[in-house]
Structures are given as C-alpha cells and as structure tokens.
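**Student:**
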Amino acid sequence: MTGSDFTILPRHVAVIMDGNGRWAKQRGLSRSEGHIEGAKTFRKIGEYAGNLGIQHITFYAFSTENWSRPEAEVNGIMALFGEYLNEALNRLDENRKKGIRLRFLGDKSAISPALRELMDSVEKYTEDMTKVNLNIAVNYGSQQEITGAVKALCEKAKNGGLSPEDITPELISSHLYTSGQPPVDLMIRPSGEQRISNFLLWQSAYAEFWYSDVLWPDFTEKDFDEALLAYQKRNRRFGGI
Ligand code: IPE
Ligand code: IPE
Ligand code: MG
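Each step along the sequence shown adds one to the number in the working numbering, with nothing skipped, and position 136 is 475.
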C-alpha cells in the first residue's frame, strides 16, 4: 500500500519487536539466529513506514531488563546493533536523501564505548533531517526514563531554578528521551504477548494497542498495513464523548 491508501495515518507508531527467540526455537536454530532475522525485519518495516509517510516510529530493540539474558545472547544483539550502526554511517547520503533522523532512546552509559561513539555519530549526522524520525530504544526502560526526569527536575529545584508549581506534564515530557516528539498513537506488539514490558509508559497514555500472533521475524508489510487499517477504524476519545 501507499500512504494515500489510508484515510488517517498515526503520527507516531511504536513497535515492540518480540518473538525472535521463539521463531528460532521453532526452527531448531539458536536464539541469536532469531535476532539476525529480527534485525532484517526491523530494516524492512522501518523503510516501509518511512515510505508510507509515518513521521515518527520507535522500535524497541533492547530493554533495561534484557541484560538478564545469557551473555552470548546479549553480545549477539549488541553485535547486530553495531552492524546496523556501521551500515547507517555508510549509507549516510542515502538516508539523508530520504530525510531520516535517527535517535537512540535509552541509557547509553551501559553500552560499550565503541558502540556509543557510533550512536553519537549517527545521531549527529542526521540531526537536521526532518521527514522521518526513526527512534531505536536500546537499554531503554520507561520507569528508568521517568526516574531520570524526576531526578533532573529535583536537581533544578535544589538549585533554585524550579518551584513545584512549575512542574507540568509538558515539562516532564520535555525531560524524557522523546522530548519534542509527539505521543505514541499506535503501539504494535507481535508474538502473542499482550503487555507493555516497560516501554513508553508515559508516551502511550492514549495510544491505541494492536497485537498480533505473528513472531517478529515473520512480520511483513502486510501485517503493518493491517495494524494501520485497524488504527484508522478506532474511535479515539481522549476522555471526551
Ligand atoms: C525480542 O525477541 C528481542 C529482544 C527482546 C531483544 P525475544 O528474544 O524476546 O523473543 P522471544 O520472546 O523469546 O520469542
Ligand atoms: C520486550 O520484549 C523488549 C524488546 C522487544 C526489546 P521482552 O521479550 O524482553 O519482554 P517480556 O520479557 O516478554 O515482557
Ligand atoms: Mg520476548
């Protein structure tokens, strides 16, 4: 489909890329092989969403809780992330033509310095792009994000630059990793799980949720279309009537 096939497109779509491990297990492969396939799906759906005209899309790649997985699996995911970052840097001209701004949501301090450097470069070289905002959540946890915002505001208050009555939802939003980006309109979770797993809790206060049993490596453009078609039929009330 193309963007004009839809009557209304969400401004911000969030995707929990789940089911790589089960996909691999079904095929007698290692979990890391599931992540390799999942990374291909990420590239495919990211590109498709941009072509449709989705302005903001956020992919959940690695949570703060995912460190509890076996070291080999974590290392495999980080290696894939490194490959993607190198590719993004090699394709800078192409991505700039498409107007893609890449951002990473999460606590970078726990990521290896080599990857961190690549992340900073990718962010810096795309920061003036405005057509598509592609966010990748890595070492992301929503509770940690909100805690960080509260700490930053307390610091400001302690230094006398902020009083309690200055604290508004907008001010809190502006201290999150998604600062300046619109709230999530549509949250997609494949793999049959129906939970939020510490992802964008604040930002999805009024998001529409769409679930699918498809495992992430099998997720196609058609599944994405299905989510968008379901979204445009929803009646969003935001507390009104
Ligand atoms: C999602 O797939 C990828 C990450 C969480 C990094 P999973 O690895 O969680 O796959 P399942 O849920 O075990 O199938
Ligand atoms: C959520 O998936 C995190 C990512 C997709 C990166 P998980 O597989 O970690 O979530 P749970 O453990 O099933 O809630
Ligand atoms: Mg999972």
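All C-beta atoms, glycine included, are put in the ideal place defined by N, C-alpha and C. In this text the structure is predicted, and so the values were computed from the model without any measurement.
Are L540 and I475 closer than 9 Å when you measure CB to CB?
**Tutor:** Counting from one through the sequence shown, the residue named residue 540 turns up at place 201. Counting from one through the sequence shown, the residue named residue 475 turns up at place 136. No, they are not a contact pair.
**Student:** Can we say the region 351 to 362 touches the region 551 to 558, given the rule of at least three CB pairs closer than 8 Å?
**Tutor:** Short answer: they touch.
**Student:** Cα-Cα, which of K470, I396 and L454 is closest to E426?
**Tutor:** In the sequence shown, counting from the first residue as 1, residue 426 sits at position 87. If we check each option's Cα against that of E426, L454 comes out closest.
**Student:** Kindly identify the DSSP beta-bridge partner or partners of V354.
**Tutor:** Numbered from 1 along the sequence shown, position 15 holds the residue referred to as residue 354. Paired residue(s): F398 and I527.
**Student:** Got a sec, what are the start and stop residues for the beta strand (DSSP E) E426 sits in?
**Tutor:** The residue labelled residue 426 in the question sits at position 87 within the sequence shown. Counting along the chain, E426 falls outside any beta strand (DSSP E), though it belongs to the alpha helix (DSSP H) covering E410 to N429.
**Student:** Which of the three DSSP states, helix, strand or coil, is assigned to R361?
**Tutor:** Counting from one through the sequence shown, the residue named residue 361 turns up at place 22. Three-state result, R361: helix.
**Student:** Kindly confirm or deny that the region 432 to 451 and the region 462 to 475 touch, where touching means at least three C-beta pairs closer than 8 Å.
**Tutor:** Yes, the region 432 to 451 is in contact with the region 462 to 475.
**Student:** Hey, is F401 close to ligand 1, as in C-beta under 8 Å from one of its heavy atoms?
**Tutor:** For the purposes of this step, residue 401 is taken as the residue at position 62 of the sequence shown. True, at least one ligand heavy atom lies under 8 Å from that Cβ.
**Student:** Please list the terminal residues of the continuous alpha helix (DSSP H) segment that includes E376.
**Tutor:** Working through the sequence shown from its first residue, we reach residue 376 at position 37. Residues R370 to L391.
**Student:** Give me the DSSP bridge partner(s) of V471.
**Tutor:** Within the sequence shown, numbered from 1, the residue matching residue 471 stands at position 132. I439, per the DSSP bridge assignment.
**Student:** Tell me whether the beta-carbon of E412 lies closer than 9 Å to the beta-carbon of H374.
**Tutor:** Within the sequence shown, numbered from 1, the residue matching residue 412 stands at position 73. Within the sequence shown, numbered from 1, the residue matching residue 374 stands at position 35. Contact: yes.
**Student:** I need the straight-line Cα distance from T507 to S402, nearest angstrom please.
**Tutor:** Residue mapping note: residue 507 aligns to position 168 of the sequence shown, counting from 1. Residue mapping note: residue 402 aligns to position 63 of the sequence shown, counting from 1. If I take the Cα positions, the gap works out to 27 Å.
**Student:** Between which residues of its own chain and A491 is the CB-CB distance below 7 Å, once the five residues before and five after are set aside?
**Tutor:** Against the sequence shown, residue 491 aligns to sequence position 152. Answer for A491: H514, listed in chain order.
**Student:** Which residues in the same chain as G519 place their Cβ atom closer than 6 Å to its Cβ, once the five residues preceding and following it in sequence are excluded?
**Tutor:** As a position in the sequence shown, residue 519 is number 180, starting the count at 1. Correct list: empty, nothing qualifies.
**Student:** Of the residues R370, T517 and E560, which one's Cα is nearest the Cα of L473?
**Tutor:** As a working note, residue 473 is residue 134 in the sequence shown. Minimum Cα distance to L473 is reached at T517.
**Student:** Could you tell me which uninterrupted beta strand (DSSP E) segments, each at least 3 residues in length, are contained entirely in the region 467 to 524, listed from first to last along the chain?
**Tutor:** Listed in chain order, the complete beta strand (DSSP E) runs (minimum 3 residues) inside the region 467 to 524 are 471 to 479.
**Student:** Quick test of your reading: F345 and L567, contact by CB under 8 Å. State the CB separation rounded to the nearest angstrom.
**Tutor:** The count along the sequence shown starts at 1 and reaches residue 345 at position 6. The count along the sequence shown starts at 1 and reaches residue 567 at position 228. That belief holds up - the Cβ atoms of F345 and L567 are roughly 6 Å apart, short of 8 Å.
**Student:** Just to confirm my understanding: we take P503, look at its own chain, exclude 5 residues before and 5 after, and list those with CB closer than 8 Å. What are they?
**Tutor:** As a working note, residue 503 is residue 164 in the sequence shown. Taken in chain order, the residues that qualify are A496.
**Student:** Return the chain-ordered list of same chain residues with a C-beta closer than 8 Å to the C-beta of G385, the five sequence neighbours on each side being excluded.
**Tutor:** In the sequence shown, residue 385 corresponds to position 46, counting from 1. Contacts found: I396, F398 and L473.
**Student:** What residues sit near ligand 3, counting only those whose C-beta is closer than 7 Å to one of its heavy atoms, in chain order?
**Tutor:** Here the residues come out as D357, G358, G360, S530 and E532.
**Student:** Using only alpha-carbon positions, find the residue among R435, F548 and A418 that is nearest to L457.
**Tutor:** For this step, residue 457 is matched to residue 118 along the sequence shown. Nearest option by C-alpha distance: A418.
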